Amino acid sequence: MEQAIQETAKRLREAKRVTVLTGAGVSKESGVPTFRDALEGLWSQYNPEDLATPQAFQRNPKLVWDWYAMRREMAGKVSPNAGHYALTELQKLKPDTVIVTQNVDDLHERAGNQDVIHLHGQIARVRCYDNCQGSPTIVDLATVDAMQTPPPCPHCGAYLRPDVVWFSESLPMDALARAYELCKISDVILVIGTSGIVSPASELPQVGLKHGATIIEINPQYSMITRIAHTHLEAPSGQVLPLLIEALHAE
Ligand code: BV8
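Quick note on numbering: the working numbering labels position 25 of the sequence shown as 174, and the sequence is numbered without any gaps.
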């Protein structure tokens, strides 16, 4: 691993532009369960794809609202880990580095990461289901009476919903377009903590590869990305990222 760290640090140092793609794994060491882990205990009888869909919300708005309220509360109780902080250091060394995340928590931002693109929205934010004031009609959760679940939109009375992208919903166009563009112009793409299952986010490393980028993966497991990665650092990101920063500073 030591040699792989040194070689990866050298590749990052030489890179003209690095883009970082993250999934739930980067938040794992903060104690945020990955998407599939989040269904332990009382939620275990559900399949994530059965809760994170517009159909599930229409079928049982209270159940879906309560699941997100539980996850929002959990996300609010945890802190960024060493991996998130290392990405802040990476951005200081490589200022053009953009972080494209599938995660709906705000741990990248809380660790001081700049220029974070959320492909799947943010769990801390809620919006009017009908986007009655324009898309998106974000509502400050602190101003609504959460006794009713889901609470009504203060403007039109429709249900409020989490400002996340559900399965079968399109991703925010501007976020996705910018992510694609970045992968086309980056010569190193650092893919951290994603199983590479969910599209279209999972297509981004391939876009980079097609445009000549070096794909570096950090994940303790094999993933759908591993087969196209030039380097697979098979370890937790909270351990590897600080070592990479140390090696970058060593020069
Ligand atoms: C779309 C927000 C166009 C919500 C999320 C069939 C029918 C209908 C649709 C589809 C279909 N087949 C494919 C699709 C498209 C679908 C899709 O990809 N489905 C999957 C299940 C196959 N995608 C969509 O629907 C997208 N929209 O395509 O629109 C469209 C329109 C109409 C019809 C069809 C298509 C929308 C996708 C966005 C869904 N929303 N999140 C919420 O959070 O509640 S996705 C959610 O799951 C997460 O955001 C994350 O992106 C994804 C995966 O979650 P996890 O598995 O937990 O995390 P991850 O994958 O990142 O895995 C964890 C990894 O970390 C593992 O590899 C592990 O080894 C590693 N790890 C663990 N510890 C560490 C670590 N790594 C580093 N360090 C560690 N310490």
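Even glycine gets a Cβ: it sits at the ideal position worked out from N, Cα and C. From a predicted model like this one, the values you see are computed outputs, not experimental measurements.
C-alpha gap between residue i and residue j, whole angstroms
{"i": "G357", "j": "N262", "result": "22 Å"}
{"i": "R162", "j": "L339", "result": "13 Å"}
{"i": "T168", "j": "L200", "result": "31 Å"}
{"i": "A205", "j": "I341", "result": "29 Å"}
{"i": "S228", "j": "R259", "result": "8 Å"}
{"i": "K333", "j": "E318", "result": "24 Å"}
{"i": "H360", "j": "R327", "result": "15 Å"}
{"i": "A291", "j": "T157", "result": "44 Å"}
{"i": "E238", "j": "P244", "result": "10 Å"}
{"i": "N246", "j": "A384", "result": "The residue asked about is misnamed: residue 246 is Thr in this sequence, not Asn. Answer to the nearest angstrom: the Cα atoms are 22 Å apart."}
{"i": "R160", "j": "V337", "result": "8 Å"}
{"i": "F184", "j": "N252", "result": "9 Å"}
{"i": "V288", "j": "H269", "result": "18 Å"}
{"i": "Q282", "j": "Y371", "result": "44 Å"}
{"i": "A348", "j": "T171", "result": "In the sequence as presented, Ala is not what sits at residue 348; that position holds Ser. Going from the Cα of S348 to the Cα of T171 covers about 13 Å."}
{"i": "S236", "j": "L392", "result": "What sits at residue 236 in the sequence shown is Leu, not Ser. In a straight line, the C-alpha of L236 is about 11 Å away from that of L392."}
{"i": "E330", "j": "A324", "result": "10 Å"}
{"i": "P203", "j": "P197", "result": "12 Å"}
{"i": "L309", "j": "N209", "result": "13 Å"}
{"i": "P303", "j": "S351", "result": "36 Å"}
{"i": "N368", "j": "T250", "result": "15 Å"}
{"i": "A295", "j": "D255", "result": "22 Å"}
{"i": "I377", "j": "A399", "result": "29 Å"}
{"i": "S284", "j": "Q194", "result": "33 Å"}
{"i": "K165", "j": "M219", "result": "41 Å"}
{"i": "F316", "j": "A362", "result": "29 Å"}
{"i": "M150", "j": "H379", "result": "15 Å"}
{"i": "P300", "j": "K226", "result": "22 Å"}
{"i": "V293", "j": "S335", "result": "43 Å"}
{"i": "E222", "j": "Q240", "result": "29 Å"}
{"i": "K211", "j": "M373", "result": "34 Å"}
{"i": "H257", "j": "Q155", "result": "25 Å"}
{"i": "M322", "j": "Q207", "result": "24 Å"}
Segment limits, alpha helix (DSSP H) that includes residue i
{"i": "T157", "result": "E151 to E163"}
{"i": "D323", "result": "M322 to I334"}
{"i": "A218", "result": "P210 to K226"}
{"i": "H257", "result": "L256 to R259"}
{"i": "T343", "result": "Element bounds for T343: n/a, residue is neither H nor E."}
{"i": "E352", "result": "From DSSP, E352 is part of no alpha helix (DSSP H); its letter is neither H nor E."}
{"i": "Q240", "result": "A231 to L242"}
{"i": "V175", "result": "G174 to K177"}
Proximity below 8 Å, CB of residue i to CB of residue j
{"i": "A231", "j": "G387", "result": "yes"}
{"i": "I248", "j": "I272", "result": "no"}
{"i": "T343", "j": "G174", "result": "yes"}
{"i": "V314", "j": "L320", "result": "yes"}
{"i": "L397", "j": "L242", "result": "yes"}
{"i": "T286", "j": "W214", "result": "no"}
{"i": "I364", "j": "P354", "result": "yes"}
{"i": "A307", "j": "D279", "result": "yes"}
Interface flag, residue i vs chain C, CB-CB below 8 Å
{"i": "D294", "result": "Of the chains in the structure shown, none is chain C; there is only one protein chain."}
Extent of the continuous beta strand (DSSP E) run through residue i
{"i": "H295", "result": "For the record, residue 295 in the displayed sequence is Ala; it is not His. Here A295 belongs to no beta strand (DSSP E), and DSSP marks it neither H nor E."}
{"i": "I394", "result": "Element bounds for I394: not the beta strand (DSSP E) but the alpha helix (DSSP H), S386 to A399."}
{"i": "A273", "result": "G270 to C277"}
{"i": "H267", "result": "V265 to H267"}
{"i": "E366", "result": "T363 to I367"}
{"i": "H169", "result": "What sits at residue 169 in the sequence shown is Val, not His. Taken as a continuous stretch (DSSP letters only), the beta strand (DSSP E) holding V169 covers V167 to T171."}
{"i": "H381", "result": "T380 to L382"}
{"i": "D312", "result": "L309 to V313"}
{"i": "V247", "result": "V247 to T250"}
Presumed contact (8 Å Cβ cut-off) between residue i and residue j, rounded CB distance
{"i": "H381", "j": "E366", "result": "5 Å"}
{"i": "P311", "j": "Y217", "result": "4 Å"}
- Segment contact, 8 Å Cβ cut-off, at least three pairs: the stretch 176-183 with the stretch 268-286: The stretch 176-183 makes no contact with the stretch 268-286; the number of CB pairs closer than 8 Å stays below 3.
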